[in-house]
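> For the working numbering, add 10 to where a residue sits in the sequence shown, where the first one is 1.
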Amino acid sequence: MAKKPIFFNLFELNNRTGDSHGLWRHPHSRHHEYNDIQFWIEIARKIEEGGFTALFLGDFFGASDVYKGSPEVAIRHAMQFPSNDPSLLVPSMANATTTLNFVTTISTTYEHPFHVARRLSTLDHLTKGRVGLNVVTSYIAAAARYFGLDEPIAHDRRYAIADEFLSVCYKLWEASWSDGAVRFDIDNDVHIDPTLVRPVTHQGEFFKVAGPHVCEPSLQRTPVIFQAGSSTAGRDFAARHAECVFVQGRTLAAVKENVTNIRRRAADFGRAPDDILIFHQQTAIVRPTRAEAREQLEDYARYRSPESALAQYCGSSGYDLSALDPDSVLGYAPTEANQSRAAQYTTQSDRPFLVREVIDDVGRLGDGILVGTPVDIADQLEAIVDQTGVDGFNFNSIVTPRTVVDFVDQVIPELRNRGRIAKHRSTFRETLFGEGRARSTNASRLSK
Numbered sequence: 011m012a013k014k015p016i017f018f019n020l021f022e023l024n025n026r027t028g029d030s031h032g033l034w035r036h037p038h039s040r041h042h043e044y045n046d047i048q049f050w051i052e053i054a055r056k057i058e059e060g061g062f063t064a065l066f067l068g069d070f071f072g073a074s075d076v077y078k079g080s081p082e083v084a085i086r087h088a089m090q091f092p093s094n095d096p097s098l099l100v101p102s103m104a105n106a107t108t109t110l111n112f113v114t115t116i117s118t119t120y121e122h123p124f125h126v127a128r129r130l131s132t133l134d135h136l137t138k139g140r141v142g143l144n145v146v147t148s149y150i151a152a153a154a155r156y157f158g159l160d161e162p163i164a165h166d167r168r169y170a171i172a173d174e175f176l177s178v179c180y181k182l183w184e185a186s187w188s189d190g191a192v193r194f195d196i197d198n199d200v201h202i203d204p205t206l207v208r209p210v211t212h213q214g215e216f217f218k219v220a221g222p223h224v225c226e227p228s229l230q231r232t233p234v235i236f237q238a239g240s241s242t243a244g245r246d247f248a249a250r251h252a253e254c255v256f257v258q259g260r261t262l263a264a265v266k267e268n269v270t271n272i273r274r275r276a277a278d279f280g281r282a283p284d285d286i287l288i289f290h291q292q293t294a295i296v297r298p299t300r301a302e303a304r305e306q307l308e309d310y311a312r313y314r315s316p317e318s319a320l321a322q323y324c325g326s327s328g329y330d331l332s333a334l335d336p337d338s339v340l341g342y343a344p345t346e347a348n349q350s351r352a353a354q355y356t357t358q359s360d361r362p363f364l365v366r367e368v369i370d371d372v373g374r375l376g377d378g379i380l381v382g383t384p385v386d387i388a389d390q391l392e393a394i395v396d397q398t399g400v401d402g403f404n405f406n407s408i409v410t411p412r413t414v415v416d417f418v419d420q421v422i423p424e425l426r427n428r429g430r431i432a433k434h435r436s437t438f439r440e441t442l443f444g445e446g447r448a449r450s451t452n453a454s455r456l457s458k
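#1: When the distance is taken between beta carbons, is E445 closer than 8 Å to R435?
#2: For G402, which beta-bridge partners are listed by DSSP?
#3: Quick one: what does DSSP say E346 is sitting in, helix, strand or coil?
#4: What are the complete alpha helix (DSSP H) segments, minimum 4 residues, inside the segment 358–392?
#5: Could you tell me how far apart the beta carbons of V385 and K56 are, in whole angstroms, since I believe they sit closer than 8 Å?
#6: Please go through the same chain and pick out, in chain order, the residues whose beta-carbon is closer than 6 Å to the beta-carbon of S30, but skip the five residues on each side of it.
#7: Going along the chain, which residues of its own chain have a beta-carbon closer than 7 Å to the beta-carbon of G28, five neighbours each way excluded?
#8: Expressed to the nearest angstrom, what Euclidean distance is found between the alpha-carbon atoms of G378 and Y323?
#9: What does the alpha-carbon distance come out to for the pair E58 and V126?
#10: Quick test of your reading: G256 and F279, contact by CB under 8 Å. State the CB separation rounded to the nearest angstrom.
#11: Give me the DSSP bridge partner(s) of G68.
#12: What residue range is occupied by the uninterrupted beta strand (DSSP E) comprising Q237?
#13: Starting from Q90 and walking both ways along the alpha helix (DSSP H), at which residues does that stretch end?
#14: Quick check: C225 and T132, are their CB atoms within less than 8 Å of each other?
#15: Check the C-beta distance from E267 over to A453 and give it rounded, since I have them as a contact under 8 Å.
#16: Can you find the residues in the same chain that come closer than 6 Å, C-beta to C-beta, to S450, ignoring five residues on each side of it along the sequence?
#17: Could you give the DSSP three-state label for Q213: helix, strand or coil?
#18: Measuring only the C-alpha atoms, how far is W34 from D309?
#19: Identify the residues that DSSP records as bridge partners of T119: which are they?
#20: Ignoring anything shorter than 3 residues or poking outside the segment 223–283, list the beta strand (DSSP E) runs there in chain order.
#21: Spell out the partners DSSP gives W34 in its beta bridges.
#22: Could you pull out every residue in the same chain whose Cβ sits closer than 7 Å to the Cβ of V395, ignoring the five residues on either side in sequence?
#23: What is the DSSP secondary structure of N45, reduced to helix, strand or coil?
#24: Just verifying my parser: in three-state terms, what is the DSSP assignment at T205?
#25: Below 8 Å between beta carbons: does that hold for A303 and T383?
#26: Please return the same chain residues whose Cβ sits closer than 8 Å to the Cβ of P283, not counting the five positions on each side in sequence.
#27: Is there a C-beta anywhere in chain E that falls below 8 Å from the one on V409?
#28: Are L442 and L287 close, meaning C-beta to C-beta below 8 Å?
#29: Does the Cβ of P81 have 16 or more other Cβ atoms within 10 Å, making it buried, or fewer, making it exposed?
#30: Take L340 as the anchor and find which of R361, G325, N348 and A347 has the nearest alpha-carbon.
#31: Going by the CB atoms, is the gap between H212 and S186 shorter than 8 Å?
#32: In whole angstroms, what is the alpha-carbon distance linking L98 and T115?
#33: Within the same chain, show all residues whose beta-carbon is closer than 7 Å to that of V192, passing over the 5 residues directly before and after it, in chain order.
#34: For R245, tell me which candidate among S188, D166 and L130 has the shortest Cα-Cα distance.
#35: Beta-carbon separation of G328 and T356 under 8 Å?
#36: Nearest-angstrom Cα distance between L542 and Y120?
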């Protein structure tokens, strides 16, 4: 029996340091070249060579200011600050590749659905159906202030906004234009059949939109929808809308539990289990021998910035650990921030953690990183897939681009020999779900 393919996305950020803390100081790091489009084209071509499904571009608004009540640490370490618009990278990278797909991140809290629908339709046209949309609800307090708010919108209310936001987008993408509306009939002087273009009329709690979609339908109409959420509201949102969901967990058992939870919730919304693919965050250090791999981990660890990592954890979890007794147990407390990070050392952990243990663990490079030979790494990735039920990985680079180059050059050939690399098809959605599934049946259903 053939083994199921494993999907790989490369997770990146359009900023100076990527998603590594302190590794910008490593002599092999080139992430400071992020303002040069050739840097991104080089990465896109390399991961396409390695059979990666997509380049996933995250995004953040503003410097995190939870740690010590100030953005000073985040700014000093260039931790997710400054940050450029990720979507503007896509056309150039798409033009330089043929099969690689691209996921861009949009905040449904601070954007408008009409504008986003237009932008994503345009990108789907330009890439010939190679675009996905990562939906985030933006928890950083600084972002709220940029958009004229004194405080972030409450967590569950942000998800209510996101739900209505996507409902409007679905109406624009799926219901406004009928197939065949573009006739291009020179003899009868009819370019577009107006009887096949319908206005969207939406009046909701958060948005009011009236008029037809200003873009003709693209190959996918609706981009592939990605989402990560671990709270009740976040999981319900993912189960209702997402085609690809990110899960986390300190143990494989926790990851498996999260996978099962998402699939069960999807069934509650009338969706089939194979309507959703689930991804787990992963990185790897690979060398020809185990000793060399351990040496490289030790080399990277010397550049790790515990302070930057701590500032990032505090910002994403909403817990200012600097204000807590280091010898107290970190307990779960609802915050308006990222619920998966808030749960990481509390409700999702297999044991209680003291605050000082969390600080030490966050600051250390090594936990969760696969380290070994190409065969070792391939074995471990297969084991994660087989034991948890995830469908693929969001791969993080420690040193960009070296980490992913090593992975492509050494691990991907091993996985290819095992028949584990997913095949590319005509569009992003077809690559994920099979030929002939360019359109989202879920989006079409929810657009009505």
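We put the CB at the ideal spot given by N, CA and C, even for glycine.
The answer reads as follows:
#1: Position 425 of the sequence shown, counted from the first residue, corresponds to residue 435. Position 435 of the sequence shown, counted from the first residue, corresponds to residue 445. Result yes, Cβ atoms of R435 and E445 sit closer than 8 Å.
#2: Indexing the sequence shown from 1 puts residue 402 at position 392. Paired residues: F17 and F289.
#3: As a first step, residue 346 must be located in the sequence shown, where it is residue number 336. Under the three-state reduction of DSSP, E346 is assigned to coil, being neither helix nor strand.
#4: Here the runs fully enclosed are 365–373.
#5: Walking along the sequence shown from the start, residue 385 turns up at place 375. Walking along the sequence shown from the start, residue 56 turns up at place 46. Not quite, the Cβ-Cβ distance comes to about 22 Å (not below 8 Å), so this is no contact.
#6: Within the sequence shown, residue 30 is the residue found at index 20, counting from 1. The beta carbon of S30 sits closer than 6 Å to the beta carbons of I408 from its chain, once the five residues preceding and following it are set aside; these are given in chain order.
#7: The residue you call residue 28 lines up with position 18 of the sequence shown. So the list reads E22, H41, S407 and T410, once near-sequence residues are dropped.
#8: As a first step, residue 378 is located in the sequence shown; it is residue number 368 there, counting from the start. As a first step, residue 323 is located in the sequence shown; it is residue number 313 there, counting from the start. Distance between the alpha carbons of G378 and Y323: 16 Å.
#9: Reading the sequence shown from its first residue, position 48 is the one you call residue 58. Reading the sequence shown from its first residue, position 116 is the one you call residue 126. Distance between the alpha carbons of E58 and V126: 27 Å.
#10: Translated into positions along the sequence shown, residue 256 becomes position 246. Translated into positions along the sequence shown, residue 279 becomes position 269. The identity of residue 256 in the sequence shown is Phe, whereas the question assumes Gly. Cβ-Cβ separation between F256 and F279: approximately 18 Å, too far for a contact (criterion under 8 Å).
#11: Counting from 1 along the sequence shown, the entry for residue 68 is found at position 58. According to DSSP, residue pairing for G68 in a beta bridge involves L23.
#12: The residue labelled residue 237 in the question sits at position 227 within the sequence shown. First-last of the beta strand (DSSP E) with Q237: V234 to A238.
#13: Working through the sequence shown from its first residue, we reach residue 90 at position 80. Counting along the chain, Q90 falls outside any alpha helix (DSSP H), and DSSP gives it neither H nor E.
#14: In the sequence shown, counting from the first residue as 1, residue 225 sits at position 215. In the sequence shown, counting from the first residue as 1, residue 132 sits at position 122. Yes, these two residues count as a Cβ contact at 8 Å.
#15: Counting from one through the sequence shown, the residue named residue 267 turns up at place 257. Counting from one through the sequence shown, the residue named residue 453 turns up at place 443. No, E267 and A453 are not in contact; Cβ-Cβ is about 28 Å, not under 8 Å.
#16: Translated into the one-based positions of the sequence shown, residue 450 becomes position 440. Cβ neighbours of S450 within its own chain (closer than 6 Å, five residues either side excluded): T232.
#17: For the purposes of this step, residue 213 is taken as residue 203 along the sequence shown, with counting starting at 1. Strand at Q213.
#18: Numbered from its first residue, the sequence shown carries residue 34 at position 24. Numbered from its first residue, the sequence shown carries residue 309 at position 299. Distance between the alpha carbons of W34 and D309 is about 13 Å.
#19: Start at 1 with the first residue of the sequence shown, and residue 119 comes out as number 109. In the DSSP output, where bridge partners are listed per residue, T119 has none listed.
#20: Restricting attention to beta strand (DSSP E) runs no shorter than 3 residues, the segment 223–283 encloses them at 234–238 and 254–257, ordered along the chain.
#21: Within the sequence shown, residue 34 is the residue found at index 24, counting from 1. Under DSSP, W34 takes part in no beta bridge, so it has no partner.
#22: Reading the sequence shown from its first residue, position 385 is the one you call residue 395. The residues are I16.
#23: Residue mapping note: residue 45 aligns to position 35 of the sequence shown, counting from 1. Coil at N45, not helix or strand.
#24: Translated into positions along the sequence shown, residue 205 becomes position 195. If DSSP states are grouped into helix, strand and coil, T205 belongs with the helices.
#25: Counting from 1 along the sequence shown, the entry for residue 303 is found at position 293. Counting from 1 along the sequence shown, the entry for residue 383 is found at position 373. Going by C-beta atoms, A303 is nearer than 8 Å to T383.
#26: As a working mapping, residue 283 is identified with position 273 in the sequence shown. Correct list, in chain order: R273, A276 and A277.
#27: In the structure shown, chain E cannot be found, because there is only a single protein chain.
#28: Counted from its first residue, the sequence shown places residue 442 at position 432. Counted from its first residue, the sequence shown places residue 287 at position 277. For L442 and L287, yes; Cβs fall inside 8 Å.
#29: Along the sequence shown, read from residue 1 onward, the residue named residue 81 stands at position 71. If you draw a 10 Å sphere on the C-beta of P81, you find 16 or more other C-beta atoms in it, and that means buried.
#30: Here residue 340 corresponds to residue number 330 of the sequence shown, with the count starting at 1. Ranking R361, G325, N348 and A347 by Cα distance to L340 puts R361 first.
#31: Taking the first residue of the sequence shown as 1, we reach residue 186 at position 176. Taking the first residue of the sequence shown as 1, we reach residue 212 at position 202. Judged by beta-carbon spacing, H212 lies beyond the 8 Å limit of S186, meaning their Cβ atoms are not closer than that value.
#32: Residue mapping note: residue 98 aligns to position 88 of the sequence shown, counting from 1. Residue mapping note: residue 115 aligns to position 105 of the sequence shown, counting from 1. Using only the alpha carbons, I get a separation of about 11 Å.
#33: Residue 192 sits at position 182 when you count from the first residue of the sequence shown. I202 and E226.
#34: Here residue 245 is taken as the residue at index 235 of the sequence shown, counted from 1. Measuring C-alpha to C-alpha distances from R245 to each of S188, D166 and L130 identifies D166 as the nearest.
#35: Position 318 of the sequence shown, counted from the start, is the residue given in the question as residue 328. Position 346 of the sequence shown, counted from the start, is the residue given in the question as residue 356. Between G328 and T356, the C-beta spacing is not below 8 Å.
#36: Past the boundaries of the shown model lies residue 542; the chain is included only from 11 to 458, so the question cannot be answered.
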